[in-house]
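> Below is a structure I'd like to ask you about.
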Amino acid sequence: MNIAAIDLGTNTFHLIIVKVMEDGGFEQVFRQRDYVYLGKGGIEKISEDRFEKGIKTLIDYKTHLDRLNVAKVKINGTETLRVASNGAEFLKKTFEKTGLKINIIGGLEEAHFIYLGVIHYFNELKGDHLIMDIGGGSVEFVHFNEAGKIWSHSFPIGITVLATNFQNNDPLSEKDVKDIYNYVDERISILKNYAKQNKLTSLIGSAGSFEIIRDMLDQRDVDIRQGFTSEVFIRMYEDFKSLDENKRLEIPGLPAERVELMPVAMVLLKSILELLNIETVMVSAYSMKEGILVEMLGEL
177 MNIAAIDLGT
187 NTFHLIIVKV
197 MEDGGFEQVF
207 RQRDYVYLGK
217 GGIEKISEDR
227 FEKGIKTLID
237 YKTHLDRLNV
247 AKVKINGTET
257 LRVASNGAEF
267 LKKTFEKTGL
277 KINIIGGLEE
287 AHFIYLGVIH
297 YFNELKGDHL
307 IMDIGGGSVE
317 FVHFNEAGKI
327 WSHSFPIGIT
337 VLATNFQNND
347 PLSEKDVKDI
357 YNYVDERISI
367 LKNYAKQNKL
377 TSLIGSAGSF
387 EIIRDMLDQR
397 DVDIRQGFTS
407 EVFIRMYEDF
417 KSLDENKRLE
427 IPGLPAERVE
437 LMPVAMVLLK
447 SILELLNIET
457 VMVSAYSMKE
467 GILVEMLGEL
């Protein structure tokens with residue numbers, strides 16, 4: 177039997193279709209990622225062209241679901257669809273055009289699915305770790321150890337939010353960078369206190385921007401098999417920060433679709449590493465969409 181998960185993010189839509197295996201696991205059949213940029217221009221309202229792009233993408237996804245005889249699909253909408261004034265209209269239009277029902281999930285639900293995905297990827301990890309998932313609208317954090325999930329929180333500091341408010345220059349000016357740092361600092365006081373109290377120094381980045389950072393480091397001949405240190409990342413950041421869009425297009429490991437927003441993602445991660453005194457970073461290839469599949473498998 178084939179099942180599918182669709183993750184409707186602020187920047188990207190993801191479709192993953194898998195075959196359910198006899199041992200209770202899954203095997204990938206098909207995967208597609210589309211840069212829809214639903215929140216471009218601000219997440220308070222989906223612009224007309226992004227609205228249409230999103231609908232067309234979901235119509236395309238429906239053809240793949242039908243073609244591969246998917247028996248069950250779960251679709252989760254996140255921050256932009258949570259807050260956009262025309263989010264409900266997007267859900268209605270999607271159902272009219274495709275028959276697909278979108279579930280709008282809260283930040284803590286999003287964090288839970290991310291957690292399920294990450295622990296499925298790192299299934300024998302020991303000790304205390306902090307998951308970070310960088311989205312366009314929000315950023316989720318989850319503290320866990322081998323006993324399970326301990327704490328989670330969602331913050332509205334996604335890279336589209338930060339870019340809309342602070343990406344005033346290319347490359348970012350010192351003021352832009354400082355404004356992003358201060359904005360993040362002011363909004364994560366709960367996390368700073370929690371991380372300090374629980375001595376959390378190991379971060380696990382969940383897919384997306386973290387996979388790109390990993391690939392960029394790999395292209396610099398950095399040994400990333402066991403993750404990377406904050407110092408290694410900051411050295412790369414120092415080389416990166418002065419590059420304009422044309423220069424960023426030349427960076428090995430950085431997809432062209434990510435060139436515009438990657439400076440904000442880099443500043444956000446650097447801010448978190450410094451504010452939380454993180455020492456090491458590992459990267460999970462699994463995130464929310466895989467977590468959705470894990471939950472679906474448990475329901476079969």
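If you number the sequence shown the way my numbering does, the last residue is 476 and the count never jumps.
All C-beta atoms, glycine included, are put in the ideal place defined by N, C-alpha and C.
In this text, all values refer to a predicted model and were calculated from it rather than measured experimentally.
(1) In whole angstroms, give me the CA-to-CA distance for ARG363 and PHE331.
(2) Under a Cβ-count criterion, where at least 16 other Cβ atoms within 10 Å of its own Cβ denotes burial, should MET442 be classed as buried or exposed?
(3) Could you say which of GLU475, LEU469, LEU476 lies nearest to ILE295 if we only look at CA atoms?
(4) Residues in the same chain with beta-carbon distance under 8 Å from ILE193, minus the five sequence neighbours each way, listed in chain order, please.
(5) Helix, strand or coil: which one does DSSP assign to ARG401?
(6) Give me, in chain order, the residues of the same chain whose beta-carbon lies closer than 6 Å to that of LYS269; leave out the 5 immediate sequence neighbours on both sides.
(7) Check whether the Cβ atoms of GLU220 and ALA260 sit closer than 8 Å, and answer yes or no.
(8) Out of curiosity, what's the CA-to-CA distance linking GLY313 and LYS216?
(9) Tell me the DSSP secondary structure of GLU455 in three-state form.
(10) Can you grab the Cα-Cα spacing for the pair ILE281 / ASN358, in whole Å?
(11) Whose C-beta lies closer than 7 Å to the C-beta of ARG258 among residues of the same chain, with five residues either side of it excluded?
(12) Check each candidate in GLY200, ILE307, MET197, THR188 and name the one with the smallest Cα separation from PHE227.
(13) I'd like the span of the beta strand (DSSP E) that includes VAL315, first residue to last.
(14) Taking only the alpha-carbon atoms, compute the straight-line gap between VAL360 and ILE410 and give it to the nearest angstrom.
(15) With H, G and I counted as helix, E and B as strand and the rest as coil, what does DSSP make of VAL246?
(16) Could you check which residue in ILE333, LYS250, ARG434 has the C-alpha nearest to that of ASP392?
(17) Report all residues from its chain with a CB closer than 8 Å to the CB of GLU455; omit the five preceding and five following residues, and keep chain order.
(18) Would you kindly report the start and end of the unbroken beta strand (DSSP E) that includes PHE331?
(19) Pick helix, strand or coil for GLN395, following the three-state DSSP scheme.
(20) Following the continuous beta strand (DSSP E) through PHE189, name the residue where it begins and the one where it ends.
(21) So does ASN345 have its beta carbon nearer than 7 Å to some heavy atom of the ligand MN?
(22) Out of LEU234, TYR297, LYS250, ARG209, which has the shortest C-alpha to C-alpha gap to SER382?
(23) What is the DSSP secondary structure of ASP183, counted as helix, strand or coil?
(24) Skipping 5 residues on each side, what residues in its chain have a beta carbon closer than 6 Å to that of LEU449?
With the given structure in hand:
(1) 7 Å
(2) buried
(3) LEU469
(4) ASN178, ILE179, ALA180, GLN204, VAL205, PHE206, ARG207, HIS240, LEU241, LEU244, VAL246
(5) coil
(6) ILE231
(7) yes
(8) 10 Å
(9) coil
(10) Taking the straight line joining both Cα atoms gives about 28 Å.
(11) ILE280
(12) Checked all of GLY200, ILE307, MET197, THR188; the closest Cα to PHE227 is THR188.
(13) 315 to 321
(14) 18 Å
(15) strand
(16) The sequence as given places Met at residue 392; Asp does not occur at that position. Measuring from the Cα of MET392, the nearest candidate turns out to be ARG434.
(17) THR377, SER378, THR405, SER406
(18) Taken as a continuous stretch (DSSP letters only), the beta strand (DSSP E) holding PHE331 covers 324 to 331.
(19) helix
(20) 188 to 196
(21) The model depicted lacks the ligand MN and carries no ligand whatsoever.
(22) Of the listed residues, the one whose Cα sits closest to SER382 is TYR297.
(23) strand
(24) These residues qualify, in order along the chain: SER406.
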